[in-house]
Amino acid sequence: MKINVLAFGVAKEIFGSSLVSLELTNDATIYNLKYLLEQQYPRLKQLASYMVAVNNEYALPGDTIHERDEIAIIPPVSGG
Amino acid sequence: MIFGIKDYWSKDKWTKESLIFDLFVLDQLINDMTNTQILLSAETLNIQSCIDWVMSPESGGIDVFIGTVRNATKGKAVLKLDFEAYEPMAVTEMEKIVQQAFDKWPVQRVLIHHRTGVLQVGEVPVIIAVSAAHRDAAFDACRYIIDTLKQTVPIWKKEAFEDGDIWVAAHP
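Residue numbers (numbering that gives the first Met the number 0), protein chains in the order written: chain A, 0 to 79; chain B, 0 to 171.
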């Protein structure tokens, strides 16, 4: 399945775009997504940490991704 | 929320007692809808209007946290900050924090206003205002809200220095 990944903050600069498209297997997890992204964008591994959000909620590494989910890369937050 | 409006109107037995109870519940529902205000804005925040909004005759005190753009980080001059938000999720996460504050402390009204966009030194990126009958709850909730916001709400700031820009907290 093809999914779109939103990027914010430093992740947007690492991807060179606020939106990237990826091809994932149908039962892909957050862990699989992070692995794939880190292969394509090694600078992600240099971040202090980063989370993935699915449909506006923080996701866990074992969570499955579904087609049409809204996926976002959340680098360390620094609001306030 | 105890029950939805649909359930409310489909009640088939109307007694004086149940009506009084229902009006009480409805009042609570309306109150629930107006005791929280969350705003993400690209416009200048208005401190006085935030204080006015949380003030009520039942309040014994108001706690306000105002974040301001500092002119230096670790001795290096900061020229400006640029705030970016994942807006729908930022609002959802702020709503969660406010709900946690209501669960933990007897607070009356809670407000969070947060800026997006470019802010100059001295400008205000965030205002948190909390009213309560007694000051302990207001102090504790206000502190909890700003501390948790900084950990969980998807908002990012980029510091502009004379020799380049850095996303805060991005790298170890």
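Think of the CB as a built atom: it goes at the ideal place given N, C-alpha and C, for glycine as much as any other residue.
Can you check whether the C-beta of residue i is within less than 8 angstroms of a C-beta belonging to chain B?
{"i": "residue 55 of chain A", "result": "yes"}
{"i": "residue 58 of chain A", "result": "no"}
{"i": "residue 98 of chain A", "result": "Because chain A in this structure spans residues 0 to 79, residue 98 of chain A falls outside the shown range and cannot be described."}
{"i": "residue 73 of chain A", "result": "yes"}
{"i": "residue 4 of chain A", "result": "no"}
From which residue to which residue does the beta strand (DSSP E) around residue i run?
{"i": "residue 116 of chain B", "result": "116-119"}
{"i": "residue 64 of chain A", "result": "Careful: residue 64 of chain A lies outside any beta strand (DSSP E) and carries neither H nor E."}
{"i": "residue 39 of chain B", "result": "35-40"}
{"i": "residue 37 of chain A", "result": "Run containing residue 37 of chain A: none in the beta strand (DSSP E); it sits in the alpha helix (DSSP H), 29-39."}
How is the alpha helix (DSSP H) around residue i delimited, first residue to last?
{"i": "residue 47 of chain B", "result": "46-53"}
{"i": "residue 90 of chain B", "result": "86-103"}
{"i": "residue 11 of chain A", "result": "8-14"}
Is residue i helix, strand or coil by DSSP?
{"i": "residue 66 of chain B", "result": "strand"}
{"i": "residue 152 of chain B", "result": "coil"}
{"i": "residue 146 of chain B", "result": "helix"}
{"i": "residue 164 of chain B", "result": "strand"}
{"i": "residue 44 of chain A", "result": "helix"}
{"i": "residue 71 of chain A", "result": "strand"}
{"i": "residue 131 of chain B", "result": "strand"}
{"i": "residue 140 of chain B", "result": "helix"}
{"i": "residue 51 of chain A", "result": "strand"}
{"i": "residue 26 of chain A", "result": "coil"}
{"i": "residue 56 of chain A", "result": "strand"}
{"i": "residue 79 of chain B", "result": "strand"}
{"i": "residue 77 of chain A", "result": "coil"}
{"i": "residue 73 of chain B", "result": "coil"}
{"i": "residue 158 of chain B", "result": "strand"}
{"i": "residue 58 of chain B", "result": "coil"}
{"i": "residue 109 of chain B", "result": "strand"}
{"i": "residue 123 of chain B", "result": "coil"}
{"i": "residue 17 of chain A", "result": "coil"}
Quick check: is the beta carbon of residue i nearer than 8 angstroms to any beta carbon in chain A?
{"i": "residue 112 of chain B", "result": "no"}
{"i": "residue 151 of chain B", "result": "yes"}
{"i": "residue 143 of chain B", "result": "no"}
{"i": "residue 167 of chain B", "result": "yes"}
{"i": "residue 103 of chain B", "result": "no"}
{"i": "residue 66 of chain B", "result": "yes"}
{"i": "residue 96 of chain B", "result": "no"}
{"i": "residue 154 of chain B", "result": "yes"}
{"i": "residue 148 of chain B", "result": "yes"}
{"i": "residue 123 of chain B", "result": "no"}
{"i": "residue 56 of chain B", "result": "no"}
Can you name the residues of chain C whose CB is closer than 9 angstroms to the CB of residue i?
{"i": "residue 15 of chain A", "result": "Checking the listed chains, one finds no chain C in this structure; the protein chains it contains are A and B."}
Quiz item: Contact between the segment 5-22 of chain A and the segment 60-75 of chain A: three or more CB pairs below 8 angstroms?
Solution: Contact annotation: the segment 5-22 of chain A touches the segment 60-75 of chain A, with at least three C-beta pairs closer than 8 angstroms.
Self-check item: Short-range partners of chain B found in the segment 31-48 of chain A, where Cβ spacing is below 8 angstroms
Solution: Using a CB distance below 8 angstroms, the part of the segment 31-48 of chain A facing chain B consists of 45, 46 and 47, ordered along the chain.
Self-check item: Stretch-stretch touch, CB-based, cutoff 8 angstroms, three pairs: the segment 34-53 of chain B with the segment 105-115 of chain B
Solution: As far as the Cβ criterion goes, the segment 34-53 of chain B touches the segment 105-115 of chain B, which means the pair count is three or higher.
Quiz item: On the three-pair Cβ rule with 8 angstroms, is the segment 25-38 of chain A touching the segment 154-170 of chain B?
Solution: Touching, no, given that fewer than three Cβ pairs across the two stretches are closer than 8 angstroms.
Quiz item: Closer than 8 angstroms, Cβ to any Cβ of chain A: which residues of the segment 70-93 of chain B, in chain order?
Solution: Residues of the segment 70-93 of chain B with a C-beta atom less than 8 angstroms from some C-beta of chain A are 82, 83, 84, 85, 87, 88, 89 and 91, listed in chain order.
Exercise. Using a Cβ-Cβ cut-off of less than 8 angstroms, give me the residues of the segment 127-140 of chain B that come near chain A, in sequence order.
Key: For the segment 127-140 of chain B, which is checked against every Cβ of chain A, not one residue is closer than 8 angstroms.
Self-check item: the segment 72-89 of chain B touching the segment 52-63 of chain A, judged by at least three CB pairs closer than 8 angstroms
Solution: Short answer: they touch.
Exercise. Check whether the segment 89-99 of chain B touches the segment 34-43 of chain A, counting contact only when three or more Cβ pairs, one atom from each stretch, lie closer than 8 angstroms.
Key: By the criterion of at least three beta-carbon pairs nearer than 8 angstroms, the segment 89-99 of chain B is not in contact with the segment 34-43 of chain A.
Self-check item: Given 8 angstroms, three or more beta-carbon pairs between the segment 156-169 of chain B and the segment 94-103 of chain B
Solution: Contact fails: fewer than three Cβ-Cβ distances are below 8 angstroms.
Exercise. Decide if the segment 118-128 of chain B is in contact with the segment 65-82 of chain B; the criterion is three or more beta carbon pairs, one per stretch, under 8 angstroms apart.
Key: At 8 angstroms Cβ cutoff, the stretches touch.
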